[in-house]
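Start counting the sequence shown at 151; every next residue gets the next number (my numbering).
Cβ atoms here follow ideal geometry from the backbone N, Cα and C, with glycine treated the same way.
In what follows, a structure is listed as structure tokens, so that the remarks can point back to it.
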Amino acid sequence: MSGVSLALRQIGYENRAFWRNPPAAFFTFAFPLLFMVIFNVLFGADAAGFFTPAIMVFGVIAATYTNLAMTVTIARDEGILKRIRGTPLPPWAYLAGRIGHAVVIGFLLVVIVAGFGALVYRVDVPWGALPAMLVVLVVASATFSALGLAVSGLIPNSDAAPAIVNATILPVLFISDVFVQMESAPEWLDTLSHLLPVRHVANAMMELYATGGAAGVPWTEVGVITLWGVIGMLGALRFFSWEPRR
């Protein structure tokens with residue numbers, strides 16, 4: 151069996167394991183919707199046009215960066231990664247399975263949030279922008295998967311994973327036009343957010359929702375996201391570990 155076939159089978163295994171834990175699966179999808187409802191209650195239903203694409207961005211990042219950084223660290227500390235290297239399954243196929251599963255969940259979250267926004271808040275789905283959105287989401291998923299693997303190599307143990315992962319992503323979400331609009335933010339904070347990938351994913355999705363994809367793929371934003379993907383990949387190659395740290 152080829153490595154690609156093994157990777158696809160691993161994606162299937164990860165998906166089955168995910169759905170066999172209904173409470174975890176439920177809250178994976180309910181959590182972003184809960185955020186969406188809370189923000190629309192706080193800021194008014196008129197803000198739904200902003201928060202629908204914003205929560206899509208949050209969902210993709212949660213499914214890739216947050217999920218991979220935490221679960222891979224736990225698997226490393228439990229010795230699962232070390233044992234995988236002793237099996238016929240190529241290590242890259244195992245990681246591809248993890249990443250593929252994360253991307254599947256991320257795309258499901260995007261579909262659910264878009265549908266929820268359309269049904270509950272009457273936020274029109276920009277059908278003409280779907281090809282451009284697909285490009286943005288694929289590049290963003292790859293980038294945050296790479297960053298998640300890189301950060302997992304810097305986490306000393308699984309007990310520290312939630313604190314470190316949340317500390318590295320939540321502040322960035324707040325300053326990147328995801329949880330709050332940055333219209334009145336200090337200039338230095340706005341400049342800082344533009345140096346980070348989350349802001350560019352958010353900008354791309356906001357633009358596509360606002361224009362219906364009339365301008366096509368926002369290549370400038372995609373280029374910055376891709377650059378961060380390269381940084382994440384280099385970081386993963388440098389810091390990722392198959393061996394427990396303790």
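{"Query": "Cβ shell of Met283 (< 6 Å), same chain only, five flanking positions each side left out", "Result": "Leu358"}
{"Query": "Inter-stretch contact at 8 Å, needing at least 3 Cβ pairs: the stretch 294–311 / the stretch 323–335", "Result": "no"}
{"Query": "Length of the line joining the Cα atoms of Met220 and Ile305", "Result": "9 Å"}
{"Query": "Phe200 versus Ala360, Ser334, Pro281 and Pro368, residue with shortest Cα-Cα distance", "Result": "Ala360"}
{"Query": "DSSP three-state assignment for Trp392, whether helix, strand or coil", "Result": "coil"}
{"Query": "Top-ranked residue by Cα proximity to Asp309, from Arg226, Ala213 and Pro173", "Result": "Arg226"}
{"Query": "Given Val285 as reference, the closest of Leu384, Leu269 and Thr376 once Cα atoms are compared", "Result": "Thr376"}
{"Query": "Assumed close pair Phe181, Val328 - CB separation to whole angstroms, cut-off 8 Å", "Result": "Phe181 to Val328, Cβ: 14 Å. No contact."}
{"Query": "Three-way DSSP call (helix, strand, coil) for Ala219 in this model", "Result": "helix"}
{"Query": "Extent of the continuous alpha helix (DSSP H) to which Glu228 belongs", "Result": "Per DSSP, Glu228 belongs to no alpha helix (DSSP H) and is neither H nor E."}
{"Query": "Span of the alpha helix (DSSP H), counted from its first residue to its last, around Asp340", "Result": "Glu337 to His344"}
{"Query": "Ser152 to Pro238 span [Cα, whole Å]", "Result": "11 Å"}
{"Query": "Three-state class that DSSP yields for Arg233 in the structure shown", "Result": "helix"}
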